[in-house]
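Asks: In our numbering, the protein residues as written are 2 to 498. Glycine is no exception: its CB is placed at the ideal position from the N, C-alpha and C atoms.
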Ligand SMILES: Nc1nc2c(ncn2[C@@H]2O[C@H](COP(=O)(O)OP(=O)(O)OP(=O)(O)O)[C@@H](O)[C@H]2O)c(=O)[nH]1
Ligand SMILES: [Mg+2]
C-alpha cells in the first residue's frame, strides 16, 4: 500500500498529535481565578487545622505541606487551600507579590510569626478534585472552572494576631462566601467568647457586610466527640443556641445550620473519617449543590452532543468521502478498455475542422467521465471555523490528506482537457496520442484506491451514520493516529532500506 509523503518537516504523527492536543486544549475548560471562599474559624486548638489535614489526608505525598495541628496555639498566618495540579505551598506578601516564597514544609508557629498576619498569608495548592466547583456562575459571568478556597484561620483567642482578633476584618467581609465553618471542641460548645464572636459575624450577615450565596449556611464541626451517644444532645444544644442567636439578630430566615460531630482521634492513629468528610463536603457545598451537579456532569462528550449544528462534522465528513468516491469513479471511467476516449478514432472525425474535432472529442470524453468540477475547490468549501475545537486536526491533517490524495485527479483532468484542446489534426492514432499525453498522470491518479488514506476513508464511512458525535470524534482521532503512524513507518522503511 502506498503512503503519502511528509508535509513539510513534520511527521504525519506529529501533525495528528498536534491536532489532538489542540482539540484537547480547546475542550479542557480553563480554571479561572474567581474565588468562592469557605472560612474555617473558631477558638485556638479547636481543631481547624486538624480538620484540613483530615480532608486532605489521602494526599500522602504532600503531607509535609499540610497545616500543622498541635496542642498549642498553632496557626498564626491565614492559610488558603485551593486546587492546583501539583501540590505546592507558598508564603505570600499581599502587598508585595514579588516577595512570594515557595516552601518545602509547613512553617512552625514561630516561623509564621515573623510575618505580619495583616499582610501575609500562606497558600496551599493541592490536586484535590473536591476543591473544583465546575463551570458554575458565581459573582461574575466569567466562563471556566471555579475553585474553592478553604481558609484555615488563626484561632480567635490566640491573643497576638490582628487576624485572630478581627474575624470580620480578615476576609469574611468582602469575600464571596459559599458557607462558613465554625470549629469547636465538644467541651466548649457553651463558650461565651465564641458566642460573642459569632454574634459579630451574624450581625455582619444581617447588615449585608458579609456576603453568602443562597442564604447563610453555617457548618459547625464539633471535635473531640468521643462518645457517639453525645452526638444528638450536642447537636441539639448547639442548634438551639445558634438558632436563638440568629433570631435575636434577625437572620433566621436565611440561616441554615448543619452540626457535625466528630472524633478525629490521635493524629498518629487517625481513624478513617470518610463518612464525616463526605458529610462535610456536602454541607459546605449545599448552597451551590444544584449548579455544581449540573456542570460537573457536563463533560466533553456531553458538550459535543450540544454543539451547534454547523459545528457537527458528520456532514463535512460525508462530503469529504463523497469527493473521494467521486474521484475513484472518475478514474474508473477515465480509461475504458485501454482507451482514454473510448471508441474515438480519426474515422469518426473525418471532414471536421480542427476546432470541430476537438469539440467532438471533448464531448465524447465528458460523456465518458461525467462533468468534472475541480476537487480542490470542493475541498476549500469544507473548512471549519478557526474557533472549532477540531479545527487544527481538520485543516492540518484531514483536509491536507484529502488535498494531497486528490490532487493527482485534478491534475489528470486538467492534463486531459489540455491534450484535447491542442489535439493536432495530423495524429495518426488518437489513442496513441492520448496515451502519450496523459498515461503517466493517469497511473499516478489510479494509485488513489491503493493508498492508506483510501483505506481509512472506507473504514470510517459507517461514522457518517453515527448519531453519537463524541464517538465520531473519538474514532476519527484514534484512526487518524493509526493512519499517521502507519504512514511514518512506511516512509521510514522506504527511506532506510
Ligand atoms: N483526640 C482528638 N484530638 C483532636 C481532635 N480535633 C483536634 N484535635 C487535636 O487538637 C489539637 C489542636 O488542633 P488544631 O487543629 O491545631 O487546632 P486549630 O483550631 O487549628 O488551632 P490554632 O491553629 O491554634 O487556632 C491537635 O493536636 C489536634 O490533633 C479530635 O476530634 N480528637
Ligand atoms: Mg490551626
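So what's residue 12 in DSSP terms, helix, strand or just coil?
Replies: In the chain shown, residue 12 corresponds to position 11, counting from 1. Correct three-state label for residue 12: coil.
Asks: Which residues count as close to ligand 2 when the rule is a CB under 5 Å from any of its heavy atoms, in chain order?
Replies: Qualifying residues come out as 49, 50, 75 and 76.
Asks: Please check the pair residue 381 and residue 416, which I expect to be a contact at CB under 8 Å, by giving their CB distance rounded to whole angstroms.
Replies: Here residue 381 corresponds to residue number 380 of the chain shown, with the count starting at 1. Here residue 416 corresponds to residue number 415 of the chain shown, with the count starting at 1. The Cβ separation is near 21 Å, so there is no contact.
Asks: Is the beta carbon of residue 92 closer than 8 Å to that of residue 123?
Replies: By one-based count along the chain shown, residue 123 stands at place 122. By one-based count along the chain shown, residue 92 stands at place 91. Closer than 8 Å, so yes.
Asks: DSSP three-state label for residue 314, please.
Replies: Reading the chain shown from its first residue, position 313 is the one you call residue 314. Correct three-state label for residue 314: coil.
Asks: Which residue's Cα is closest to the Cα of residue 202: 191, 61, 479 and 218?
Replies: In the chain shown, the residue the question calls residue 202 occupies position 201. For the residues 191, 61, 479 and 218, the minimum Cα distance to residue 202 belongs to 218.
Asks: Can you list, in chain order, the residues of its chain whose CB lies under 7 Å from that of residue 235, leaving out five sequence neighbours each side?
Replies: On the chain shown, residue 235 is found 234 positions in, with the first residue counted as 1. Counting only Cβ-Cβ distances below 7 Å, and skipping sequence neighbours, we find 187, 190, 223, 226 and 262.
Asks: Scan the region 189–272 and note each continuous beta strand (DSSP E) run of 3 residues or more that stays entirely inside, going in chain order.
Replies: Taking only runs of at least 3 residues, the beta strand (DSSP E) segments lying wholly in the region 189–272 are 217–224 and 256–262.
Asks: Is it the case that the CB of residue 79 approaches a heavy atom of ligand 1 more closely than 7 Å?
Replies: Translated into positions along the chain shown, residue 79 becomes position 78. No, ligand 1 has no heavy atom inside 7 Å of this Cβ.
Asks: Between residue 502 and ligand 1, is there a pair consisting of the residue's CB and a ligand heavy atom that are separated by less than 7 Å?
Replies: The structure shown does not extend to residue 502, since the chain spans only 2 to 498, so no value can be given for it.
Asks: How would you call residue 420, buried or exposed, if buried means at least 16 neighbouring beta carbons within 10 angstroms?
Replies: To locate residue 420, count along the chain shown from 1; it is residue 419. By the 10 Å Cβ count, residue 420 comes out buried.
Asks: Is residue 105 a contact residue of ligand 1, with contact defined as CB to any heavy atom under 7 Å?
Replies: Taking the chain shown and counting its residues from 1, the one referred to as residue 105 is at position 104. No, since every heavy atom of ligand 1 falls outside the 7 Å radius drawn around the Cβ of residue 105.
Asks: Identify whether residue 54 lies in helix, strand or coil by the three-state DSSP scheme.
Replies: Translated into positions along the chain shown, residue 54 becomes position 53. Residue state, collapsed to three classes: helix.
Asks: Excluding the 5 residues preceding and the 5 following residue 285 in the sequence, name in chain order all residues of the same chain whose CB lies nearer than 7 Å to its CB.
Replies: On the chain shown, position 284 is the one that residue 285 refers to. Within the same chain, residue 285 has close Cβ partners 39, 179, 180, 182 and 220.
Asks: What are the partner residues of residue 76, as DSSP defines its beta bridges?
Replies: One-based indexing of the chain shown puts residue 76 at position 75. Partner(s): none; residue 76 has no beta bridge.
Asks: Report the residue ranges of all alpha helix (DSSP H) runs contained in full by the region 381–451; include only those spanning at least 4 residues, in chain order.
Replies: Correct list: 401–422 and 431–447.
Asks: Can residue 224 be considered in contact with ligand 1, in the sense that its beta carbon sits closer than 7 Å to one or more heavy atoms?
Replies: Indexing the chain shown from 1 puts residue 224 at position 223. Answer for residue 224: yes, Cβ within range of ligand 1.
Asks: Within 10 angstroms of the Cβ of residue 161, are there 16 or more other Cβ atoms? Answer buried if so, exposed if not.
Replies: Within the chain shown, residue 161 is the residue found at index 160, counting from 1. Model confidence at residue 161 stands at a pLDDT of 49, short of 50, so the residue's coordinates are unreliable; what they give is reported in the following sentence. With fewer than 16 Cβ atoms within 10 Å of its Cβ, residue 161 is classed as exposed.
Asks: Between the alpha carbons of residue 413 and residue 403, how many angstroms are there, rounded?
Replies: If you number the chain shown from 1, residue 413 lands on position 412. If you number the chain shown from 1, residue 403 lands on position 402. Using only the alpha carbons, I get a separation of about 16 Å.
Asks: Are the Cβ atoms of residue 58 and residue 68 separated by less than 8 Å?
Replies: For the purposes of this step, residue 58 is taken as residue 57 along the chain shown, with counting starting at 1. For the purposes of this step, residue 68 is taken as residue 67 along the chain shown, with counting starting at 1. No, they are not a contact pair.
Asks: What is the DSSP secondary structure of residue 101, reduced to helix, strand or coil?
Replies: Your numbering for residue 101 matches position 100 in the chain shown. If DSSP states are grouped into helix, strand and coil, residue 101 belongs with coil.
Asks: For residue 315 and residue 22, what's the separation of their Cα atoms in angstroms?
Replies: By one-based count along the chain shown, residue 315 stands at place 314. By one-based count along the chain shown, residue 22 stands at place 21. Taking the straight line joining both Cα atoms gives about 21 Å.
Asks: With a threshold of 16 other CB atoms inside 10 Å of the CB of residue 407, please say whether the residue is buried or exposed.
Replies: Position 406 of the chain shown holds residue 407. Classification for residue 407: buried.
Asks: Just the C-alpha distance for residue 43 and residue 136, rounded to the nearest angstrom, thanks.
Replies: As a first step, residue 43 must be located in the chain shown, where it is residue number 42. As a first step, residue 136 must be located in the chain shown, where it is residue number 135. The straight-line gap from Cα to Cα measures roughly 31 Å.
Asks: Please state whether DSSP places residue 178 in a helix, a strand or coil.
Replies: Sequence index remark: in the chain shown, residue 178 carries index 177 (1-based). Strand at residue 178.
Asks: Need the endpoints of the beta strand (DSSP E) that residue 124 sits in, please.
Replies: Counting from 1 along the chain shown, the entry for residue 124 is found at position 123. Residues 121–127.
Asks: Measure the C-alpha to C-alpha separation of residue 204 and residue 389 and round it to an integer number of angstroms.
Replies: Taking the chain shown and counting its residues from 1, the one referred to as residue 204 is at position 203. Taking the chain shown and counting its residues from 1, the one referred to as residue 389 is at position 388. In a straight line, the C-alpha of residue 204 is about 50 Å away from that of residue 389.
Asks: How would you call residue 466, buried or exposed, if buried means at least 16 neighbouring beta carbons within 10 angstroms?
Replies: Start at 1 with the first residue of the chain shown, and residue 466 comes out as number 465. Classification of residue 466: exposed, given that the 10 Å Cβ count is below 16.
Asks: Does DSSP put residue 88 in a helix, in a strand, or in coil?
Replies: Position 87 of the chain shown, counting from 1, holds the residue named residue 88. Coil, per DSSP.
Asks: Is residue 71 a contact residue of ligand 1, with contact defined as CB to any heavy atom under 7 Å?
Replies: On the chain shown, position 70 is the one that residue 71 refers to. Yes - ligand 1 has a heavy atom lying nearer than 7 Å to the Cβ of residue 71.
Asks: Would you identify the three-state DSSP class for residue 1, choosing helix, strand or coil?
Replies: It is not possible to answer for residue 1, since the shown part of the chain is limited to 2 through 498.
Asks: Indicate the three-state DSSP secondary structure (helix, strand or coil) for residue 7 in the structure shown.
Replies: Here the question's residue 7 lines up with position 6 in the chain shown. Caution applies to residue 7, whose pLDDT of 45 falls short of 50 and renders its modelled position unreliable; the value that the coordinates give is listed next. Coil at residue 7, not helix or strand.
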